[in-house]
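Protein chains in written order, with this note's numbering: chain A, 1 to 315; chain B, 1001 to 1315. Ideal placement from N, C-alpha and C gives every residue a C-beta, glycine not left out. Here the structure is laid out as structure tokens; the discussion comes afterwards.
Protein chains: 2
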Amino acid sequence: MEPSQSTKKSGTYDTVIIGAGAAGMTAAIYAARYRMRTKVFGREVGGLLNEAHKVENYPGYSSISGFELMMRFKEHLDHFRVPVSDENVTGAKKDGDLFVITTDKGSYRTRTVIIATGTIRRKLGVPGERELKGKGVHYCATCDAPFYGGKTAAVVGGSDSAAQAALLLSEYADKVYMIYRKARLRAEPITVKHIQDNPKIEVIYTTNVTAIKGASKVEKVVLDTPYKGSYDLPLDGLFIEIGADPANTVAQDLGLAMNEKGEIRIDREAKTSVKGVFAAGDITDTDYKQAVVGAGEGALAAWSAYYCLQDMLNP
Amino acid sequence: MEPSQSTKKSGTYDTVIIGAGAAGMTAAIYAARYRMRTKVFGREVGGLLNEAHKVENYPGYSSISGFELMMRFKEHLDHFRVPVSDENVTGAKKDGDLFVITTDKGSYRTRTVIIATGTIRRKLGVPGERELKGKGVHYCATCDAPFYGGKTAAVVGGSDSAAQAALLLSEYADKVYMIYRKARLRAEPITVKHIQDNPKIEVIYTTNVTAIKGASKVEKVVLDTPYKGSYDLPLDGLFIEIGADPANTVAQDLGLAMNEKGEIRIDREAKTSVKGVFAAGDITDTDYKQAVVGAGEGALAAWSAYYCLQDMLNP
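Written as structure tokens, this is what we have:
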């Protein structure tokens, strides 16, 4: 008996979702509801949101840790029996009507691709940063703030994430500095007010860190502008919160149109410049990076992938 | 002493949000976080989603009733002490740099407006519909399905909402018909499978209801195509689930650009064609009507309103 179309194509997925943060997991939930044959790759389930100490702006949860919220997303996804593979995606290419996704363990054929790879944290790029990483230099306040009970720590950056990190640190440390290159924090106004009202936090404006020093652990940082008469600021720990860059290697492989920041250009239906490829979440050129915005894009991406698939299978 | 700028303008809101469904409440949560002076009008907190028996696609909640989910949104909003007024918005107009929103109880000046008015359920428009409304003719299965224990009911429509209504009815009624004008349901594939697997539900395709009959309550409907040899289908109740029209009277008042369906055209930042006016949720021209998509738009609308306000106040 001749194998049916579906048997012949049994190695082919309807969609491969790369990334398992808020956007990728939402895309996976929707893809499963559309009964698409779905594969999800995500080295870290939850992504960047895992590092958020408190999330108070995902509608429906007044206050929840980022990790806990992402576990709720994961439980939701588990209801549809769509596993998340921790294989590392190393490449992607178009192959006729299909796409081939390569990982460190194999390669996978799929009719559509949803990219939700998010961002990679930016490094400061100063002497001492690499050497003292994990020895007082940190990139995740939620993860490492609890080690600073009774100590002095600083946050580099002026974003909402940076301010949230400072607020969290103030719950442990005796003294927290925020060191920011500009004259005014760019955090949300409500967060700025919390910073101003917090007696433990001091903001050092229009100042950059030029080096991190210490024998076996952080002892001080060097500033480019004197603070209280000194270029040296003694510290036990430094949290670097200066943003993140788009994780766009798969997007590059597939030749997707991107903006000057390296974010994937999408339209209002989460379509990229290449047919069959969709994107959602922090990797896209949507300016406002929020869990609920990325989740909305994830739903749109799965919906668009579903209708793209219908067009492919019933031309 | 001369009153300060803020005292003089004390009657002016930073933003007025019209609608308190998923999109409107998310906009309100974000507006509050931006410390904007915010007024929310919503005759029905929760909006259309209140009527959903089960919501299984709002990420983070595997399965929850629409009413319960909307109560979680409301509790979330309550944390920011932003009340929802049940005044009925009757008109809106531009007045210089401001907007004036009129309700049945007063008028309100605001710098920006966020429209999240959603949709109004569509009527069938056949004889007997108005007369027998509430006497066997229903528009909300979640609200009224429990009255049909052991009875026979039908749903008109083929959308996902219609199919969900039929599934819910089948938990009470002995027999449920779906009457649909087309040859194939347009519900989500997973929902179609549930319909097909349900022994109580029978779908009557390519058929319209032309009249609803009954002395003091629904007794039967008249079909335009015979079913099992008869134009009459005896029923205890009829649930009309044929979609909804955009609630766009405020949009019309403000002269916003709309599409052919009467939905407000927005860009990727939830901006409408009129500066200072934003829209989110089912009222917009986003094709995919989902709670999480509307919530994402609500966040974007508040963010855009906030930056619009910054531009107005610091030109």
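Check: Beta-carbon of Glu269/A versus every beta-carbon of chain B: anything under 9 Å?
Finding: Cβ-Cβ to chain B under 9 Å: yes for Glu269/A.
Item checked: Nonlocal neighbours in the same chain, by C-beta distance under 7 Å from Ala295/A, ignoring five residues either side -> Around Ala295/A: Ala22, Ala23, Thr26.
Checklist line | Strand pairing of Ser107/A, partner residues [DSSP] | finding: Its beta-bridge partners are Thr102/A.
Check: Do Leu309/A and Thr15/A have their CB atoms nearer than 9 Å?
Finding: In contact: Leu309/A and Thr15/A (Cβ atoms closer than 9 Å).
Notebook entry, point to check: Looking at chain A, which residues of the region 1195–1226 of chain B have a Cβ within less than 8 Å of any of its Cβ atoms?
Noted result: Here the close residues number zero.
Check: Terminal residues of the continuous alpha helix (DSSP H) containing Ser1304/B?
Finding: Residues 1291–1313.
Notebook entry, point to check: Beta-carbon separation of Asn1198/B and Leu1167/B under 9 Å?
Noted result: The criterion of a C-beta distance shorter than 9 Å is satisfied by Asn1198/B and Leu1167/B.
Check: Are three or more beta carbon pairs between the region 1173–1192 of chain B and the region 32–49 of chain A nearer than 8 Å?
Finding: By the Cβ test, the region 1173–1192 of chain B is in contact with the region 32–49 of chain A, since at least three Cβ pairs between them sit closer than 8 Å.
Note to self: Would Ile1120/B and Ala1302/B qualify as a contact pair, given that the criterion is a beta-carbon distance under 9 Å?
What the structure shows: Cβ distance not < 9 Å, so Ile1120/B and Ala1302/B don't count as in contact.
Next item on the list: Between the Cα of Arg186/A and those of Asp236/A, Asp174/A, Gln164/A, Ile201/A, spot the shortest distance and give me the residue it belongs to.
Entry: For the residues Asp236/A, Asp174/A, Gln164/A, Ile201/A, the minimum Cα distance to Arg186/A belongs to Gln164/A.
Notebook entry, point to check: At least one CB of chain B closer than 9 Å to the CB of Ala183/A: is that the case?
Noted result: No, no contact with chain B.
Check: Under 9 Å between C-beta atoms, does Asp1014/B make it to chain A?
Finding: Chain A places no beta carbon closer than 9 Å to that of Asp1014/B, leaving this residue out of the contacts.
Notebook entry, point to check: Using Cβ-Cβ distances below 7 Å, what residues of the region 1139–1165 of chain B are close to chain A?
Noted result: Here the close residues number zero.
Next item on the list: For chain B, find out if any of its Cβ atoms is closer than 9 Å to the Cβ of Gly296/A; answer yes or no.
Entry: Yes, Gly296/A lies at the interface with chain B (some Cβ there is under 9 Å from its Cβ).
Next item on the list: Would you check if there are 3 or more beta carbon pairs closer than 8 Å linking the region 124–135 of chain A to the region 246–265 of chain A?
Entry: Touching, no, given that fewer than three Cβ pairs across the two stretches are closer than 8 Å.
Note to self: Can you check which of these residues, Met71/A, Lys54/A, Glu56/A, is closest to Tyr1061/B by C-alpha distance?
What the structure shows: Considering only alpha carbons, the answer is Met71/A.
Next item on the list: Determine the extent of the beta strand (DSSP E) in which Ala1211/B is found, giving its start and end residues.
Entry: Segment 1209–1213, the beta strand (DSSP E) holding Ala1211/B.
Check: If we count the other Cβ atoms within 10 Å of its Cβ and call it buried at 16 or more, is Asn50/A buried or exposed?
Finding: So Asn50/A counts as buried.
Notebook entry, point to check: Can you list, in chain order, the residues of its chain whose CB lies under 6 Å from that of Arg1181/B, leaving out five sequence neighbours each side?
Noted result: For Arg1181/B, the CB contacts under 6 Å within the same chain, skipping 5 residues up- and downstream, are Asn1208 in chain order.
Notebook entry, point to check: So, do the region 282–299 of chain A and the region 253–268 of chain A have three or more beta carbon pairs nearer to each other than 8 Å?
Noted result: Enough Cβ pairs lie closer than 8 Å, so yes.
Next item on the list: Tell me where the alpha helix (DSSP H) around Gly1255/B begins and ends.
Entry: Judged by DSSP secondary structure, Gly1255/B falls outside any alpha helix (DSSP H); it is assigned neither H nor E.
Notebook entry, point to check: So is Asp245/A in contact with chain B if we call contact Cβ pairs under 9 Å?
Noted result: Output row for Asp245/A: interface = no.
Item checked: Spatial neighbours of Ala1257/B in its chain, beta-carbon cut-off 6 Å, leaving aside the 5 residues before and after -> Counting only Cβ-Cβ distances below 6 Å, and skipping sequence neighbours, we find Arg1265, Ser1273.
Next item on the list: Classify Gly1047/B as helix, strand or coil using the three-state DSSP reduction.
Entry: It is helical.
Note to self: Taking the alpha-carbon of Glu1219/B as reference, which of Lys1151/B, Glu1260/B, Gly1255/B, Ala1162/B has the nearest alpha-carbon?
What the structure shows: Sorting Lys1151/B, Glu1260/B, Gly1255/B, Ala1162/B by C-alpha distance to the C-alpha of Glu1219/B places Lys1151/B at the top.
Item checked: Proximity of Val113/A and Ala92/A at Cβ, strictly below 9 Å -> Against a cut-off of 9 Å, the Cβ pair of Ala92/A and Val113/A comes out as a contact.
Notebook entry, point to check: My guess is that Leu300/A and Val277/A are in contact by the Cβ rule of under 8 Å, so how many angstroms apart are they, rounded?
Noted result: With a beta-carbon spacing of about 14 Å, Leu300/A and Val277/A fall beyond the 8 Å limit used to define contacts.
Check: Of all the residues that make up the region 1049–1060 of chain B, which are near chain A by a beta-carbon distance shorter than 9 Å?
Finding: Answer in chain order: Glu1056, Asn1057, Tyr1058, Pro1059, Gly1060.
Margin query: With a threshold of 9 Å between beta-carbons, can Ala187/A be considered close to chain B, or not?
Written below: It does not: the Cβ of Ala187/A has no partner Cβ on chain B nearer than 9 Å.
Next item on the list: Give the range of the alpha helix (DSSP H) segment to which Lys1193/B is assigned.
Entry: Note, Lys1193/B: alpha helix (DSSP H), 1189–1197.
Next item on the list: For chain B, find out if any of its Cβ atoms is closer than 9 Å to the Cβ of Ala22/A; answer yes or no.
Entry: So, interface residue.
Next item on the list: Spell out the partners DSSP gives Lys1094/B in its beta bridges.
Entry: In the DSSP assignment, Lys1094/B is bridged to Phe1099/B.
Check: Which of the three DSSP states, helix, strand or coil, is assigned to His53/A?
Finding: Reduced to three states, the DSSP call for His53/A is coil.
Next item on the list: Pull up the distance between the alpha-carbon of Arg1037/B and that of Ser1085/B, whole angstroms please.
Entry: Whole-angstrom Cα-Cα distance: 14 Å.
Next item on the list: Check the Cβ-Cβ distances between Ala1305/B and every residue of chain A, and say whether any is below 9 Å.
Entry: The C-beta of Ala1305/B comes no closer than 9 Å to any C-beta of chain A.
Checklist line | Beta-carbon neighbours of Ser62/A, restricted to chain B and to distances below 7 Å | finding: In chain order: Glu1075, His1076, His1079.
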